[in-house]
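Here is the structure we will look at.
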Amino acid sequence: MATIKIGLVGCGGRGRGAAHNALQNAATKDVKLVAIADAFQDSVDGTVRLFSDKHPDQTDIPNERQFVGLDCCEKLLKTDVDVVLLCEPPGFRPRDFAAAVDSGKHIFAEKPVAVDSPGVRLFLNANAEAKANKQVVMVGHHLRFEKKHYEPIKMIHDGIIGDILHMRIFFDTGYLWTRPRREGQTEMEHQIRNWYYFNWLSGDHIVEQHVHDIDVMNWFMKDLHPIEANGMGGRQVRIGRDFGEIFDHHSVEYVFEERDVRGYSDCRQINGCWGAFSEHAYGTKGYINMDGHGTVVLNVNGKSPQVWKRDADGHQTEMDVLFDAIKEGKEFNNGDIGGTATLTAILGRMATYSGKVVKWDDAVKSELDLFPKTLAWDADPGPKPNDKGIYPCAVPGVTKAW
Ligand SMILES: NC(=O)c1ccc[n+]([C@@H]2O[C@H](COP(=O)([O-])OP(=O)(O)OC[C@H]3O[C@@H](n4cnc5c(N)ncnc54)[C@H](O)[C@@H]3O)[C@@H](O)[C@H]2O)c1
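For the sequence shown, my numbering assigns the number 64 to the initial residue and increments by one for each residue that follows.
This is the structure we're talking about:
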């Protein structure tokens, strides 16, 4: 096969990491980064500099293949790249993914795949087309590609801990970055720069970050999804003009139809508190503790625990699988798993925002569309700050969250 040409959409931290992983993939070194796209010129400029410096032999991004603006993905998809890496803020992903499927490219799509139910439906419908066209699709659930996760989870599916009784999952951490408002920015530019804190862009951290553990919960259950969720959450500490409208903590009980199994989920972004990025399953014969970045310990009926240390990074091995599939003409598509994980996370947010029990079927059908009516630098993105620059957040018991 000729050199595989890569296009990158969203040139931030993960986009640069994904492009680096793509260039270093284990299946073939005959790959080049040939086109990049970002909403902002500074991100594009920094990325051209970085890759020309770090990977000079695998980088060929002339000016005419550098795309800037809110239509940058559309423009990049008109080039002859073979594979596109979608690493922009999640709110844009379903539309970009559907356009990428239409253009016939193979696709790496970071998680989450959407931030609301209409976005998930758009993604899943496009993914059905991608499957029919045999386009390779990889959604970035990197834990699925780490041996410390896939080996013991296969053993759990084969019954080593018996029937699962309940699960606990955590993504508890401190604050992430903020990008405070700068003079002269329109409201749209401010929100897209500071995207983490607006639901139409990130889906809140239960969707943007905790989706990793939520995916593992569904994976423990052989890729079933919960049938309902209830939960609570709020914005207790992280309040201010730079923190938009998202909560700083969520706690959800997910209910699975299978044996009425419960999955208890906690995610928090508050400084100075206990932290965890982990998943735990308890069965009739044993239990497992899985650390996202660390060690996995399987305990069965009092026997010596079996331990897995973290091996190869899943961000790399997922790219190895993707490029192997493209090079060898194999079929690979984990889009449906990505769609289910994202909708499960959105179901959790619907529960914490509303304070009500939310059914899976209602989440599937929800028409609550968070995307702005018009996408332009001077258009109204939706959320509005008060006179002190603070954005309102959801109020459990009052907010209509689906
Ligand atoms: N799998 C993982 O472990 C992992 C880790 C970090 C982030 N992520 C995911 O990667 C994605 C990006 O996160 P990040 O940490 O790189 O954020 P980031 O803010 O560092 O980068 C996002 C980039 O997208 C650009 N952008 C904004 N709007 C755009 C648009 N419409 N089209 C193209 N580009 C646009 C921004 O200017 C920025 O350069 C998110 O979906 C996030 O959830 C995944």
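A virtual CB, placed ideally from N, CA and C, is assigned to each residue, including glycine. Note that the structure is predicted; figures quoted are calculated from it, not measured.
In its chain, beyond the 5 residues on either side, Ala100, Lys138 and Leu139 have a beta carbon closer than 6 Å to the beta carbon of Phe130. Beta-bridge pairing by DSSP links Lys422 to Glu291. In the DSSP assignment, Tyr317 falls within the unbroken beta strand (DSSP E) covering His312 to Val318.
Rounded to the nearest angstrom, the gap between the Cα atoms of Cys135 and Ala102 is 7 Å. In this structure the region 232 to 242 touches the region 338 to 346; the number of beta carbon pairs closer than 8 Å is three or more. Distance from Gln332 to Arg301 at the Cβ level is roughly 7 Å; contact confirmed, criterion being Cβ atoms closer than 8 Å. For Gly411, the enclosing alpha helix (DSSP H) stretches over residues Gly398 to Ser417. Membership of Thr236 in any alpha helix (DSSP H) is not indicated; the residue belongs instead to the beta strand (DSSP E) covering Ile227 to Thr236. In the same chain as Arg256, and ignoring 5 residues on each side of it, the C-beta atoms closer than 6 Å to its own belong to Arg242, in chain order. When the five nearest sequence neighbours on each side are left out, no beta carbon in the same chain lies closer than 6 Å to the beta carbon of Glu127.
In its chain, beyond the 5 residues on either side, Pro157, Phe160, Val176, Ala177 and Gly402 have a beta carbon closer than 6 Å to the beta carbon of Phe186. Your pair Pro289 and Tyr327 does not check out as a contact, with CB atoms roughly 11 Å apart and the cut at 8 Å. Look at Cys150: its beta carbon is less than 8 Å from one of the heavy atoms in ligand 1. Between Arg304 and Lys451, the CB-CB gap stays under 9 Å. Contact between Gly70 and Val164 does not hold, since the beta-carbon distance rounds to 14 Å and is not under 8 Å. In the DSSP assignment, Met201 falls within the beta strand (DSSP E) that extends over Val200 to Val202. Within the same chain, Met230, Arg231, Ile232, Tyr350, Ile351, Asn352 and Met353 come within 8 Å of His343 by CB-CB distance, once the 5 residues on both sides are set aside.
Per DSSP, Ile219 has no beta-bridge partner at all.
Where His169 is concerned, the enclosing beta strand (DSSP E) starts and stops at His169 to Ala172.
Short of 7 Å from the beta carbon of Ile219, and not among the five residues preceding or following it, lie these beta carbons of its own chain, in chain order: Phe283, Ala344 and Ile351.
Around the beta carbon of Glu271, a 10 Å sphere encloses 16 or more other beta carbons of the protein chains shown; the residue is thus reported as buried.
Inclusion of Ala85 and Asp387 in the CB contact set at 9 Å is not warranted, their separation being larger than that value. Buried is the label assigned to Trp465, since at least 16 other Cβ atoms lie within 10 Å of its Cβ. Take the alpha-carbon of Glu394 and the one of Val72: they are about 23 Å apart. The three-state reading of DSSP puts Val300 in coil, since its state is none of H, G, I, E or B. Within the DSSP secondary-structure output, Ile69 pairs in a beta bridge with Leu96 and Val146. Relative to the non-hydrogen atoms of ligand 1, the Cβ of Pro175 comes within a distance shorter than 8 Å of at least one.
The beta carbon of Leu96 lies closer than 6 Å to those of Ile69, Ala82, Phe114 and Thr122 in the same chain, with the five residues before and after it left out. With 16 or more other Cβ atoms inside 10 Å of its own Cβ, Trp423 counts as buried. Between Ile227 and Ile277, the alpha-carbon positions lie close to 16 Å from each other.
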